[in-house]
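In the working numbering, the protein residues as written are 1 to 901. C-beta: ideal position from N, C-alpha, C; glycine also.
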RNA sequence: GCGCGCUUAGCUCAGUGGUAGAGCACAUCCUUCACACGGAUGGGGUCGCAGGUUCGAACCCUGCAGCGCGCACCA
């Protein structure tokens with residue numbers, strides 16, 4: 001091993017092990033297993049997407065959970081797959097078509113276009129899957145699913161049909177969020193409210209019964225005023241009481257419209273008069289319904305004015321028309337003023353343009369099993385982490401709006417509804433459709449097409465992508481009408497790991513679907529990950545170019561480095577600011593681990609005898625450093641078990657890091673280095689090697705979920721496992737390493753080790769103070785040494801960098817010899833006349849002053865009767881002990897100062 | 001407008017009542033036979049502000065401020 005490179009090179013190792021795990025079928029779940037089940041379904045990434053850091057965090061957490069569960073003896077299913085991502089995928093293909101062939105999807109026709117999308121999916125669909133594999137994800141790839149698989153599509157249709165029969169799905173003309181670019185309706189969740197700097201136009205409409213008298217109105221959208229059918233005022237508004245029931249002239253087309261009264265109008269806002277455009281505003285639409293007003297649509301689907309009566313505006317883009325309309329008002333002397341104004345405008349989540357509220361015929365769903373779904377989270381049957389998201393969920397569940405599930409797209413699950421050809425026009429124009437039409441035979445709703453298909457025409461729309469995603473936990477496990485062995489074993493799933501940004505889109509809807517179609521919750525725990533931002537706190541996005549490519553990071557630092565680095569900084573509650581240096585630290589950690597093992601291998605190559613020491617004998621021969629590290633390992637295992645239960649992934653990473661680096665390498669390895677030299681006794685060598693192996697083999701196991709590749713590699717290299725065995729399949733041992741040793745004995749040994757470590761630190765800092773920190777030949781004299789110090793004298797010399805340590809109870813220190821009070825005695829550092837006496841005097845005086853202050857502080861505290869009476873006894877004792885300690889030190893320091901003259 | 005978070009060292013963040021912590025960055029030293037992707041030492045914080053509870057508050061309570069995020073029919 002010593003001929004290997006000094007630094008760990010992860011790339012080849014990681015590829016090798018991933019292939020080996022696949023070859024060994026390590027990820028495949030067995031539904032017939034006797035072991036308890038543990039399951040996760042992956043949040044399916046977009047099939048044509050590419051991996052970003054959010055995916056890395058999310059999937060690393062899932063992999064950690066899955067791998068840990070396997071170690072805990074569970075039968076694990078991590079079910080992977082991809083989502084067809086209707087709008088996103090269709091838009092990509094349309095763009096490619098436009099750029100390469102100057103064609104639109106309509107030029108190709110539906111069938112041909114869909115062929116193109118499938119081809120695109122086949123070409124790009126594996127990219128993100130392969131990226132997940134590169135990351136080391138232990139998904140059961142034999143069960144990979146896609147939301148448009150034939151069987152999955154059946155589920156989607158089946159669910160539609162069932163909910164339609166139940167009367168929860170209906171069709172109707174409503175105001176929907178219309179995207180003028182994608183040319184489809186969107187759900188409320190797909191609209192992002194964005195503050196905009198816009199203009200508020202104040203205009204006046206003339207009363208028909210009083211020429212020269214005007215009603216003042218403000219609006220942000222003058223381009224829609226051709227669709228005005230009324231002006232509304234609040235009935236409680238005294239300013240307008242006299243106006244209710246009168247008529248005013250809409251400027252263009254010049255037509256009288258009524259002034260009506262409606263509670264919705266805010267008296268405080270502007271002039272208290274609101275123009276009503278039912279076709280282009282949701283609340284206007286509702287007011288229109290209440291008052292039986294006409295609906296005049298003056299915009300085309302792609303956001304252009306459609307109003308031949310006003311030729312100046314007809315055909316203009318909506319934003320061009322806005323300026324033009326304002327100019328026209330001004331020409332007519334009807335524009336009073338224009339103010340700068342900030343308001344919230346809904347933007348299309350995908351197309352990034354303002355959505356248009358638009359009347360159109362769409363399919364809607366009234367959510368099923370709302371109460372069960374709300375209760376499941378409220379009662380804690382489904383546990384949210386962090387818990388506060390439960391409140392967000394509850395709020396949404398209490399204010400559910402019907403879900404617009406139809407999309408005017410081609411890529412997706414086509415609505416399983418057929419219309420009779422001869423009734424097509426009637427049906428398409430009908431205001432609404434309900435289940436009664438089913439029996440009339442004009443409408444056919446079914447998973448399979450009607451038998452006499454030639455007489456029917458299928459609804460052209462497809463369903464919202466989330467209408468398939470919400471079935472993911474069970475539709476990936478079983479076919480319609482079956483209860484597969486997989487479903488029986490693994491549903492409900494154990495943990496769901498996802499981002500809080502899709503709590504409404506996905507999480508809430510899955511819970512409802514789970515209750516409705518499987519009669520049970522879909523998962524028991526939901527862990528919401530942090531949102532990853534850049535160092536400026538901005539979201540990662542392609543357009544900002546602030547999103548590092550995880551593949552590049554893995555090339556540079558290894559998948560294990562990326563995983564560990566990201567997990568270590570991922571906080572439980574809030575967002576995380578990403579910096580590449582954290583990944584670098586992950587890489588460094590893997591390297592540290594690798595080198596610790598390399599050190600062990602090199603020790604084997606030294607030609608020095610090793611005694612045969614049986615496992616049982618090791619503990620008996622162990623010194624305090626051995627016992628100490630073994631005890632810390634046991635403690636680590638116990639702590640990790642608890643922290644896993646709390647899903648505190650960052651803390652787990654931190655504990656692993658601190659143990660390996662701080663305890664194992666910095667302390668333990670340094671303390672036992674002497675045991676591995678040729679000069680050491682065979683027994684000491686044997687015991688130390690044995691302890692090393694015990695700790696390292698168990699530590700590799702504990703670290704494995706976070707850094708699967710390097711731990712697997714080292715377990716084999718170090719001989720902890722045979723060729724053909726996998727660390728990922730090794731169950732975690734239940735027994736502590738030190739099970740056979742009494743707690744008091746462990747504590748006694750640990751306190752010795754702690755004393756030596758602390759003493760070494762004090763000596764090093766004493767050396768540094770006198771600028772001999774790098775010298776390893778200094779002589780130390782210990783006065784008043786604890787009786788056991790002679791046993792560990794060599795180790796202390798090694799750790800503190802001393803050439804010689806002399807125990808001398810009667811040592812008479814030369815004047816000004818630096819001294820440190822340590823847990824093992826007074827340690828002097830004779831400087832052989834090299835010190836600057838004056839500087840030393842100043843240093844001592846400062847130290848004395850500082851300690852005196854400490855003593856005063858403690859005494860004041862102890863003089864406080866309330867403190868003594870109310871504080872726990874242990875705390876009071878601690879304070880007292882502290883004073884004794886400080887005073888002892890003061891005596892020493894004053895003597896030293898006096899000694900200097 | 002309502003709700004939820006956050007505010008601790010230059011940066012990123014731990015720390016849920018008992019003497020303020022880590023990593024990075026910084027400074028000095030060390031190319032000592034696991035590791036410079038390393039080792040040693042050190043400087044650096046009135047824990048956002050103001051009150052309150054308590055013997056004792058970064059931590060609990062109440063206000064306030066700043067930042068961020070949700071939700072909402074302000075034209």
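- DSSP places residue 848 within a helical segment (H, G or I) once states are collapsed to three.
- The stretch 592-604 makes no contact with the stretch 625-644: fewer than 3 CB pairs, one atom from each, lie closer than 8 Å.
- Taken atom to atom, the span from the alpha-carbon of residue 28 to that of residue 108 is near 42 Å.
- The DSSP-derived three-state label of residue 451 is coil.
- Unbroken alpha helix (DSSP H) runs of no fewer than 4 residues, entirely contained in the stretch 131-214, are found at 150-165, following chain order.
- It is roughly 12 Å from the alpha-carbon of residue 711 to the alpha-carbon of residue 589.
- The beta carbons of residue 559 and residue 135 sit about 5 Å from each other, so the pair counts as a contact at 8 Å.
- Here DSSP, grouped into helix, strand and coil, assigns residue 530 to coil.
- For residue 283, the secondary structure class from DSSP, reduced to helix, strand or coil, is helix.
- DSSP, read as helix, strand or coil, puts residue 706 in coil.
- In this structure the stretch 60-77 touches the stretch 138-146; the number of beta carbon pairs closer than 8 Å is three or more.
- Membership of residue 397 in the alpha helix (DSSP H) is indicated by the continuous run 389-398.
- In the three-state reduction of the DSSP assignment, residue 363 falls in the strand class, which pools E and B.
- Between residue 714 and residue 700, the beta carbon gap of about 6 Å places them in contact (Cβ cut-off 8 Å).
- Counting only the Cα atoms, residue 343 lies some 26 Å from residue 533.
- DSSP links residue 33 through a beta bridge to no other residue.
- Put simply, of 733, 757 and 725 the residue whose alpha carbon is nearest the alpha carbon of residue 72 is 733.
- Residue pairing for residue 419: DSSP places it in a beta bridge opposite 443 and 457.
- Across the set 6, 7 and 25, the C-alpha of 25 shows the shortest separation from the C-alpha of residue 725.
- Cβ contact annotation for residue 421 (same chain, cutoff 6 Å, sequence separation greater than five): 455 and 457, in chain order.
- Residue pairing of residue 403 in beta bridges, as defined by DSSP: 365.
- In the DSSP assignment, residue 578 falls outside any beta strand (DSSP E) and carries neither an H nor an E.
- Cβ-Cβ separation between residue 198 and residue 220: approximately 6 Å, consistent with a contact (criterion under 8 Å).
- About 15 Å separates the beta carbons of residue 239 and residue 262, which is beyond the 8 Å limit, so they are not a contact pair.
- Counting other Cβ atoms within 10 Å of its Cβ, residue 341 stays below 16 and is therefore classed as exposed.
- Here residue 550 has 51, 52, 53, 55, 56, 131, 135 and 562 as same chain residues with Cβ atoms under 8 Å from its own Cβ, once five neighbours each way along the sequence are excluded.
- An exposed status is given to residue 242, since fewer than 16 other beta-carbon atoms sit within 10 Å of its beta-carbon.
- Look at residue 661 here: in three-state DSSP terms it is helix.
- Your pair residue 227 and residue 128 does not check out as a contact, with CB atoms roughly 44 Å apart and the cut at 8 Å.
- In the three-state scheme derived from DSSP, where H, G and I count as helix and E and B as strand, residue 304 is classed as strand.
- For residue 515 and residue 521, the gap between their C-alpha atoms comes out near 6 Å.
- Boundaries cannot be given for residue 269, as no alpha helix (DSSP H) includes it and DSSP labels it neither H nor E.
- Annotation for residue 555: the continuous alpha helix (DSSP H) segment containing it runs 550-557.
- When secondary structure is reduced to three states using DSSP, residue 632 falls in the helix class.
- No Cβ-Cβ contact shorter than 8 Å links residue 175 with residue 232.
- Excluding residues up to 5 positions away in sequence, 740 and 741 lie with their Cβ nearer than 7 Å to the Cβ of residue 619 in the same chain.
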